[in-house]
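Oh and the sequence shown: position 118 is 207 in the numbering used here, straight run, nothing missing. Ideal Cβ placement from N, Cα and C applies to all residues, glycine included. First up is the structure itself, then whatever we jot down about it.
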Amino acid sequence: TDYEARHIRATANVIIGANAGIAFVGCVECLAANNLIYKPNSWTSRILQETTTLDGVTFQPSSYGVFENNIVVFESSISTLVNVGSNTAPDTFIYRNNIWYCIDNADYDYQSWRAELPGTEANNLRQFDPRIVGGDTGSIRLESGSPAVDAVLNYWIDSDFNSMCSPDDIGPMEYLP
């Protein structure tokens with residue numbers, strides 16, 4: 090084959106304090122959907138290509154990734170929202186229907202944010218508090234009034250982080266009143 094990974098899906102995960110929430114490495118047509126990325130240390134996501142050729146085969150660049158229905162809570166000290174490496178095709182990525190929230194700076198500069206987000210952007214909510222409780226403890230749940238409730242765009246998962254069926258909410262878990 091001419092790729093390292095294809096059609097990989099990372100869905101309904103709770104990712105707390107990692108260097109990068111999601112890394113599209115050598116990925117072609119991969120998906121990150123309905124995840125919670127909470128306070129990543131360096132980047133919310135990465136687009137990388139570690140191997141360009143192997144045994145005479147030239148690999149396709151990381152391309153055509155979809156980042157959708159995720160909740161991303163970050164601090165303004167983050168290095169950059171999306172880290173893009175060489176030999177990738179970041180312009181082919183889609184960032185759609187995500188909630189982005191800078192937890193420590195209500196005036197986070199979203200003009201520079203847009204410059205940090207490669208590819209196509211659609212339906213993203215910027216600086217909307219997702220109303221998450223328990224992010225620092227790992228006992229995560231959505232509060233009443235969260236903009237994530239009943240806001241899923243496409244159904245990528247059959248059950249959520251808590252094994253609930255037919256999740257209609259952005260992120261990895263359904264709101265439970």
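- Rounded to whole angstroms, GLY234 and ARG220 show a C-alpha spacing of 7 Å.
- With respect to ILE126, VAL161 sits close: the two C-beta atoms are nearer than 8 Å.
- Nearest neighbour of PRO207 by Cα position, chosen from ASP218, ASP257, PHE113, turns out to be PHE113.
- Burial is judged here by how many other beta carbons sit within 10 angstroms of a residue's own beta carbon; ASP258 has at least 16 and is buried.
- The Cβ-Cβ distance between GLU93 and PHE148 falls below 8 Å.
- Note on geometry: alpha-carbon atoms of VAL103 and VAL241 lie some 17 Å from one another.
- Counting only residues of its own chain and dropping the five nearest sequence neighbours on each side, ASP196 has no CB closer than 6 Å to any other CB.
- Within the segment 176 to 245, the complete alpha helix (DSSP H) segments at least 4 residues long are 199 to 205, listed from N- to C-terminus.
- The three-state reading of DSSP puts LEU143 in strand, counting E and B together.
- Measuring C-alpha to C-alpha distances from ASP91 to each of THR169, TYR190, SER168, GLY145 identifies GLY145 as the nearest.
- About 5 Å separates the beta carbon of ARG185 from that of ALA211, a gap short enough to meet the 8 Å contact definition.
- Contact between THR141 and ASN194 is absent: CB atoms are separated by about 37 Å, not below the 8 Å threshold.
- A residue is called buried once 16 or more other Cβ atoms fall within 10 Å of its Cβ, and VAL222, having fewer, is exposed.
- Nearest neighbour of ALA178 by Cα position, chosen from GLU205, ILE136, HIS96, turns out to be ILE136.
- Distance from the CA of PHE156 to the CA of LEU120, rounded to the nearest whole angstrom, comes to 6 Å.
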